[in-house]
Amino acid sequence: GRRGVWQPKYWEHTLEDEDDFERHFDYIHFNPVKHGLVTHPTLWPWSTFHRWVAAGVYPQNWGNVPNMPHLDNMSDTTGE
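Residue numbers (the numbering used here): 31 to 110.
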């Protein structure tokens with residue numbers, strides 16, 4: 031069976047620009063919602079989302095949608 035924590039395929043990506051950084055930042059915070067683990071990013075207790083809301087980077091209601099269209103192609107590039 032499977033062993034270890036990491037995915038079998040290693041994936042590396044150099045962030046191209048500020049927009050690419052923001053997409054990946056959003057992807058990380060929306061991923062638990064995307065995979066049905068929680069219904070909103072604030073409900074994932076291990077996320078840094080709470081810290082970024084407190085810092086004013088995200089509004090409290092960010093991610094309060096069924097999907098994030100700007101993240102739709104991320105699974106094609108993240109090794110998921």
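All residues carry an ideal CB built from backbone N, CA and C; glycine is no exception.
Model, not experiment: these values are computed from the prediction.
Assigned exposure category for residue i - 16 Cβ within 10 Å defines buried
i, result
"G109", "Because the pLDDT at G109 is just 49, under 50, the model does not fix this residue reliably, and the value given afterwards should be weighed accordingly. Exposed, by the Cβ-count rule."
"F51", "exposed"
"H65", "exposed"
Residues of its chain near residue i, where Cβ-Cβ distance is below 8 Å and the 5 sequence neighbours each way are ignored
i, result
"P89", "V83"
"H80", "T72"
Where the alpha helix (DSSP H) containing residue i begins and where it ends
i, result
"A84", "F79 to A84"
"E52", "E48 to K64"
Proximal residues to residue i (C-beta, below 7 Å), its chain only, five neighbours per side dropped
i, result
"H54", "L45"
Nonlocal neighbours in the same chain, by C-beta distance under 6 Å from residue i, ignoring five residues either side
i, result
"V68", "P62 and W74"
Selection from the options that minimises the alpha carbon distance to residue i
i, options, result
"H70", "W92, T78, E52 and D50", "W92"
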